[in-house]
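Please read the structure below before turning to the comments.
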Amino acid sequence: MASLTFTTNPCNLGFRSIPNCRSRPIKSTTTTRSNILFSTPSQTRISSSCSNSFKKPYLGVLPSNFSSKLLSSRPSLSNRNFFAVKASASSSSSSPTAITTAEPWKGAAMKPLLASIATGVILWLVPVPAGVTKNAWQLLAIFLATIVGIITQPLPLGAVALMGLGASVLTKTLTFAAAFSAFGDPIPWLIALAFFFARGFIKTGLGNRIAYQFVSLFGSSSLGLGYSLVFSEALLAPAIPSVSARAGGIFLPLVKSLCVACGSNVGDGTERKLGSWLMLTCFQTSVISSAMFLTAMAANPLSANLTFNTIKQTIGWTDWAKAAIVPGLVSLIVVPFLLYLIYPPTVKSSPDAPKLAKEKLEKMGPMSKNEIIMAATLLLTVGLWIFGGMLNVDAVTAAILGLSVLLVTGVVTWKECLSEAVAWDTLTWFAALIAMAGYLNKYGLISWFSETVVKYPMPIVPWYSNCYAAIRWI
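Residue numbers (the numbering used here): 558 to 1031.
Below, the structure written as structure tokens:
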């Protein structure tokens, strides 16, 4: 009797050998053992060797379900390791024959990295203009190389920014204390703390509860459903400083489930009923809510910091909100309605959306203890952001106080804060850019650039102004 030894994972593959039947022999081998690398067709033939009663090798026919069983027992293709299956006349097993390929490159993307380095080197080699110090010009080269790296991303943003700081210290353009001075700036820490708040929102489910509550109240029509999602997203914007976390982590699953409940699904070609307009509305208005509050997007504190470094004008959380709240609310009202006219959904009513929202709320049950603590902490923190000036409490101190409450009550753990990679990555590249931009201003490069632009001939000024206006409009 022929015995077959498989070197894959020990499992019942359902193999059946048919010695001395109507199968034709394999012409290319007469040995008692053969190695085969399976390509798993539905009917696969491999060579097997029989006992002493049969001198010639015969073909064994695998059952039709063999390939699926073999696939389920083999290693993942992502490891790129393939194992040979051995058919043997002996009953002993042997170790698998591994066919390995080279590990994929896990380092930097070389083309973007070379583009970033080339930008810095070319500018570094340009002669220093009159009126500019050597350190200022070198720092400009490193700064622009870092910006190109942040845009092309050969590595994560924090790694690119850290390399930029390292280059500035290595070339003696900045001292170590100067290069890392912005890590003591309150603005990067304000954004990092807001990310920790976002973790509490997502963990407790308070963000979903707020969104479902809005939908259950105002989502009976398509336009009302859109407005309920828009304003619930804007309500969460002060505490979640990432449009990806708000729109992608909370509202995208919610919008998809609402669209399916209303019979609008991209899979069956019914997305124009409601889903296309709803997705477009949420996409466009998330940009508006990101601009309404200082802590709604990471770029907002950077703008406030650059404003202070350039013209010594402080923009606090309340100052930003006062300036942006009116145009922001008007935009949140107008944009969904314009999209409703330009790209209207074919379904004007959505009676299933409030029903689904109420079912979700019933499934969630009453507010948990952690949700209540999260809501109270948010009100406390936002209240200090608004009225903290009267109490001499700045925005970062208020955020630290709010996070302390969440840590003490266990709503958010410190381990979860440490695992919030986006927060620490943002803190790193934020501080790096603030430090380099601040020293560009201290070295006088910003003022030199402004004076140089003013001295341009008149025919060039309108061209420059038109280009600037076009870029701002885009």
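Note that CB positions come from ideal geometry on N, CA and C, so glycine has one too.
query                                                                                                                                                                  : result
Check the C-beta distance from Ser-673 over to Gly-706 and give it rounded, since I have them as a contact under 8 Å.                                                  : 4 Å
When you compare only the Cα positions, how much space is there between Cys-974 and Arg-756?                                                                           : 8 Å
If Gly-776 sits next to Ala-910, beta carbons under 8 Å apart, how far is it from one beta carbon to the other, in whole angstroms?                                    : 4 Å
Considering only the beta carbon of each residue, do Thr-690 and Gly-1001 sit closer than 8 Å?                                                                         : yes
Return the chain-ordered list of same chain residues with a C-beta closer than 8 Å to the C-beta of Ile-845, the five sequence neighbours on each side being excluded. : Ala-791, Gly-885, Ser-888, Leu-889 and Val-892
Specify, as a first and last residue, the run of the alpha helix (DSSP H) that Val-891 falls within.                                                                   : 874-899
Excluding the 5 residues flanking Phe-753 on each side, which residues of the same chain have their C-beta closer than 7 Å to its C-beta?                              : Leu-960, Val-969, Cys-974, Glu-977 and Ala-980
Please report how far the alpha carbon of Lys-917 lies from the alpha carbon of Gln-770, in whole angstroms.                                                           : 10 Å
Determine the DSSP secondary structure at Ser-789, reduced to helix, strand or coil.                                                                                   : helix
On the DSSP bridge assignment, give the partners of Ser-1004 in chain order.                                                                                           : According to DSSP, Ser-1004 bridges with nothing at all.
Contact defined as beta carbons within less than 8 Å: I believe Ala-794 pairs with Ser-847. What is the distance between those atoms, to the nearest angstrom?         : 7 Å
Helix, strand or coil for Ser-961, going by three-state DSSP, please let me know.                                                                                      : helix
With distances taken from CA atoms, which of Leu-937, Thr-864 and Thr-676 is nearest Ala-698?                                                                          : Thr-676
Are the Cβ atoms of Ala-665 and Leu-714 separated by less than 8 Å?                                                                                                    : no
Between Ile-930 and the rest of its own chain, which residues show a CB-CB distance below 6 Å, the 5 nearest in sequence each way excluded?                            : Thr-966 and Val-968
Are there 16 or more other CB atoms within 10 angstroms of the CB of Met-1074, so buried, or fewer, so exposed?                                                        : Since the displayed the chain opens at 558 and closes at 1031, residue 1074 lies outside it and no answer follows.
If you draw a straight line from the C-alpha of Leu-964 to the C-alpha of Asn-927, how long is it?                                                                     : 11 Å
For Ile-744, which option in Thr-938, Pro-902, Ile-943 and Thr-852 has the closest C-alpha, if you only look at C-alpha atoms?                                         : Thr-852
Please report the straight-line C-alpha distance between Trp-694 and Lys-729, rounded to a whole angstrom.                                                             : 13 Å
Exposed or buried, which one is Met-993 when buried takes at least 16 other CB atoms within 10 Å?                                                                      : buried
Just to confirm, is the Cβ distance from Ile-943 to Thr-871 under 8 Å?                                                                                                 : no
Out of Leu-958, Val-800, Asn-765 and Ala-856, state which residue places its alpha-carbon closest to the alpha-carbon of Val-812.                                      : Asn-765
Relative to the alpha-carbon of Lys-905, which residue among Thr-732, Leu-831 and Thr-864 has its alpha-carbon at the smallest distance?                               : Leu-831
According to DSSP, is Ser-843 helix, strand or coil?                                                                                                                   : helix
Got a sec, what are the start and stop residues for the alpha helix (DSSP H) Asp-909 sits in?                                                                          : 909-921
Along the chain, where does the alpha helix (DSSP H) that runs through Val-817 open and close?                                                                         : 809-818
Can you tell which of Ile-868, Phe-788 and Asn-857 has its C-alpha closest to the C-alpha of Ala-880?                                                                  : Asn-857
Below 8 Å on the Cβ atoms is my guess for Asn-692 versus Asn-866; work out the distance and round it to an integer in Å.                                               : Not quite, the Cβ-Cβ distance comes to about 17 Å (not below 8 Å), so this is no contact.
Write down the C-beta distance between Ile-767 and Ser-789 rounded to the nearest angstrom, noting that I regard them as a contact closer than 8 Å.                    : 5 Å
In three-state terms, what does DSSP make of Ser-906?                                                                                                                  : strand
Distance check for Gly-688 and Thr-838, CA to CA, integer angstroms please.                                                                                            : 50 Å
So, are the CB atoms of Tyr-996 and Leu-696 less than 8 Å apart?                                                                                                       : yes
Contact check, Ile-868 vs Pro-798 under 8 Å by CB: the rounded distance?                                                                                               : Not really, about 24 Å apart at Cβ, beyond 8 Å.
Could you have a look at Ser-799 and say whether DSSP puts it in helix, strand or coil?                                                                                : coil
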